[in-house]
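*Asks:* When you read off a place in the sequence shown, starting at 1, and then add 8, the result is the number in the numbering used here.
The C-beta atom is built at its ideal place from N, Cα and C for all residues, glycine as well.
All of these numbers come straight from a predicted model, not from anything done at the bench.
Sharing a structure here in structure tokens format.
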Amino acid sequence: MNLGYKMLVLDMDDTLLTDDHIISEKNKEMLLKAQDEGVMVVLASGRPTPAMLSFARELELDRYGSYIISYNGGTLIDMADESVVYSQSLSVKNIHDLYDFASHNGVDIITYSSDSIYSESHSKYIQVEIDITKMHFDQVADFKKAVDFDGVKCIMLEEPSKLQEVKPLLEKAFPELSISFSKPFFLEVTQTGIDKAATLARLSEITGIKQEQIIAVGNAGNDLSMVEYAGLGVWVDNVTPELRHKADVIVASNNDDGVAEVVEKFLLKKEMQLEVM
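This is how it looks when you write it as structure tokens:
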């Protein structure tokens, strides 16, 4: 039954979404029921805002007056009117410096405008991001010349073993920036102090929902901050192995309706649980 939790915050890829990048029927059914019970459902993803909106609408977050957290916490959107409540970007200089670092260390880098992905290169990992986001890809001849605007985040992309070597170098070179893995081959960089937990704390203030009344569900390093921040931190079973011990609860995988399990166990009234079962 609902133990006093009033907000459910969900990572998307490999958590809410199946490996086919869809919301399962059971997850959708349970999330709509939770919202009918007064629970605020929030999507929190490393995805750009445009790549989250269709899923937010599918879950009717606009009708229930909820929010989405995009770009790993870089932007907070009010789904009632899709307005930007909060946004914090990397400066042009930040992005150009990150490009120089990526070039020196032999990894690809991408960044975003409001509707496009920018990179000088194309790889199988960049294609993964194109396929996930469905955003326009602009492969440019001169990254620094083309990217003359602030951007919410950058991603460095390469074989996982290479990125594991690069991450400590990146942290040493840019101690003022927030750095985390969203996938083994995606090393994400956002502005100082920006992560999912920081923006979730802002949302807590806006809504009046207390930290201890929040459940956060994720599967990867860029979810760790919000999983540790929430009153109840949850991993789906396909969590990155080295993070497995860093949550309160582990539920079924993203392909086995783990999010629905969270709703059934912690959010629905007892009589509704019996009805579902």
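#1: Rank Asp158, Gly266 and Leu165 by C-alpha distance to the C-alpha of Val100 and give the top, closest one.
#2: Residue range of the alpha helix (DSSP H) that His29 falls in?
#3: Would you please state the rounded distance, in angstroms, between the beta carbons of Ser188 and Gly229? I believe it to be under 8 Å.
#4: Sort Lys14, Leu24, Glu33 and Leu61 by Cα distance to Gln43 and report the nearest one.
#5: Please name the residue or residues paired with His130 in a DSSP beta bridge.
#6: Skipping 5 residues on each side, what residues in its chain have a beta carbon closer than 7 Å to that of Tyr107?
#7: Could you tell me which residues DSSP pairs with Thr83 in its beta bridges?
#8: Give the range of the alpha helix (DSSP H) segment to which Ala224 is assigned.
#9: Please list the terminal residues of the continuous beta strand (DSSP E) segment that includes Thr198.
#10: Measuring straight from C-alpha to C-alpha, what distance separates Ala88 and Leu61?
#11: Whose C-alpha, out of Gly239, Met234, Leu275 and Val271, is nearest the C-alpha of Ala52?
#12: Would you list, in sequence order, the uninterrupted beta strand (DSSP E) runs of no fewer than 3 residues that lie entirely inside the region 164-211?
#13: Counting Cβ pairs, one atom from each stretch, are 3 or more of them under 8 Å apart for the region 185-205 and the region 166-173?
#14: Relative to the alpha-carbon of Glu37, which residue among Asp27, Glu68, Glu90 and Phe194 has its alpha-carbon at the smallest distance?
#15: May I ask which residues mark the beginning and end of the alpha helix (DSSP H) holding Gly266?
#16: Comparing alpha-carbon positions, which option in Ser129, Met48, Thr23 and Lys34 lies nearest Lys218?
*Replies:* Looking at the atomic coordinates:
#1: Asp158
#2: No alpha helix (DSSP H) holds His29; DSSP gives it neither H nor E.
#3: 5 Å
#4: Lys14
#5: In DSSP, His130 forms no bridge with anything.
#6: Ile117, Phe151 and Lys152
#7: Ser78 and Ser95
#8: Here Ala224 belongs to no alpha helix (DSSP H); instead the beta strand (DSSP E) covers Ile222 to Gly226.
#9: Phe194 to Thr198
#10: 12 Å
#11: Met234
#12: 186-191 and 194-198
#13: yes
#14: Glu68
#15: Gly266 to Phe274
#16: Met48
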